[in-house]
Amino acid sequence: MKKLTILLAFLGLALVTGCTAWLGAGSVLKAVLSIGFVGFGATILAQLAVDAILGVAWHAACREIGLGHLTMARMVRDAAATCLPFSQLGGILIGIRATGADASPRTGGRSIDWPEAASANIVDLTTEVLGQIVFVLIAVVFLVAHQQSSPFAKPVIIGTLLLALGIGGFIWTQQHGGTILKRMARGLSRNIATQWHSAMLSSADTLQQKLDEVWSHPGRIAEAAIAHLLAWIGSAAAIWVGYYFLGAHLSLTGAIAIEGVACGIMSVSFLVPAGLGVQEAAYIALGSAFGIDPSVSLGLSLLRRGRDLVIGIPVLLLWQASEVRRLRGNPRATAPEDGPYPASERSR
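In terms of full-length UniProt numbering, the sequence shown opens at residue 1 and continues consecutively.
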């Protein structure tokens, strides 16, 4: 998996380089520079507004955790997926770590252990995909209304239906997967110490309990999915802002069509780190359907990556600083509570 991710990253980088060479590096650089500091600042502010909506969406499903803490954890998860050389799966693992925390006012005055952090991330990803499915279907409708013979319509619709089936099975697993989790824990811990075996079984039970607690409030799940849909529309609005400052004439419905279909395409390539190459190709092809010069669409994609770095790197640095403070305040924070040795022996 690691080798495949590295290979896909290099292929994506080669595709971006090839697109830049094909369109002309000078024209792409001109498009990027034409946005100016004001335009680039506007795209950053638009994305921060979307991040705030994402925090609200997560809090709608997991109200026991503070809004500020969830918003920051979501930004860390996204930053890890876009700025670090991992696939989105690595970003999810870092997001779970960022969600867990010791007792503090921002977490509602209580500690968040890893089963609760994992369940919160699982539910947030689920509601995000539910909102994404509706958003992609709306985008396809707008794309077909603009270009009835679009080659992207059928593949994206088929992919979206498959995604809907997949998320349906994922939801069923979350609600009825207690036995599956326990079987996995038994299999993984069969050949290790008894203390670790018991700890993994207990963690599986706790994780399922946390998932059951969240899914016992279907109204909250619906609110979270609707909020995520609004966030997806907000991401399209951020793309519209970028195109506006690049001098491209595009309606909001056109921006929704481009962003929604591009998201549908990139969801298939989740193993590619940050969708490197896939995002650029999608923007170029979809932008051309709306009469936008390919160099402008490539410039927009590069600006989007620059925006993600400007937001993501400071977020990761702040998170790392908080992790350092957490470890200094609690030297045993990196050690599991139930390890293979008694506490007296672990301290040696």
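Glycine included, C-beta positions come from ideal geometry on N, C-alpha and C. Keep in mind it's a predicted model, so treat the numbers as computed, not measured.
Of the candidates Gly306, Gly260, Gly95, Ser301, the residue whose Cα lies closest to the Cα of Ile133 is Gly260.
Counting only runs of 4+ residues, the alpha helix (DSSP H) found wholly inside the segment 37-111 occupies 67-83, 88-99, in chain order.
Check the Cα spacing between Ile233 and each of Leu246, Gln209, Trp319, Ile258: the tightest is with Ile258.
In the DSSP annotation of this structure, the continuous segment of the alpha helix (DSSP H) that includes Phe245 starts and ends at 218-245. Distances from the CA of Ala224 to each of Ser34, Leu70, Pro155 were compared; the closest alpha carbon is that of Leu70. Under the rule that a run must span 3 or more residues, no beta strand (DSSP E) segment is found entirely inside the segment 142-176. A Cβ-Cβ distance of about 4 Å is found for the pair Ala79 and Val315, placing them in contact under the 8 Å criterion. Collapsing the DSSP output to three states places Ile311 in a helix.
Under the DSSP assignment, Leu252 falls in the alpha helix (DSSP H) whose first and last residues are 252-268. In the three-state scheme derived from DSSP, where H, G and I count as helix and E and B as strand, Asp124 is classed as helix.
Going by DSSP, Ser288 is part of the alpha helix (DSSP H) stretching over 278-289. The Cβ-Cβ distance between Ala61 and Ala120 falls below 9 Å. Burial is judged here by how many other beta carbons sit within 10 angstroms of a residue's own beta carbon; Gln209 has fewer than 16 and is exposed. In the structure shown, Ala248 falls within a coil segment according to DSSP collapsed to helix, strand and coil.
Between the C-alpha atoms of Thr160 and Lys154 there is a straight-line separation of about 10 Å. An exposed status is given to Val38, since fewer than 16 other beta-carbon atoms sit within 10 Å of its beta-carbon. Around the beta carbon of Ser216, fewer than 16 other beta carbons sit within 10 angstroms, so the residue counts as exposed. Residue nearest to Val241 within the set Gly219, Cys263, Ile65, Ser301 is Ser301 (criterion: CA-CA distance).
Selection Gln148, Ser267, Leu45 evaluated against Ile167 yields Ser267 as nearest (Cα-Cα). The shortest CA-to-CA distance from Val136 to any of Pro151, Val123, Ile157, Leu125 is the one to Ile157. Taking the Cα positions, Leu54 is about 31 Å away from Pro151. A straight line joining the alpha-carbon of Leu48 with that of His228 spans about 15 Å.
Between Asp293 and Ala248, the C-beta spacing is below 9 Å. Rounded to whole angstroms, Ala42 and Arg304 show a C-alpha spacing of 12 Å. The C-alpha of Glu64 is placed about 32 Å away from the C-alpha of Gly264. In this structure Ala238 touches Val50 by the C-beta definition: roughly 6 Å separates them, less than 8 Å.
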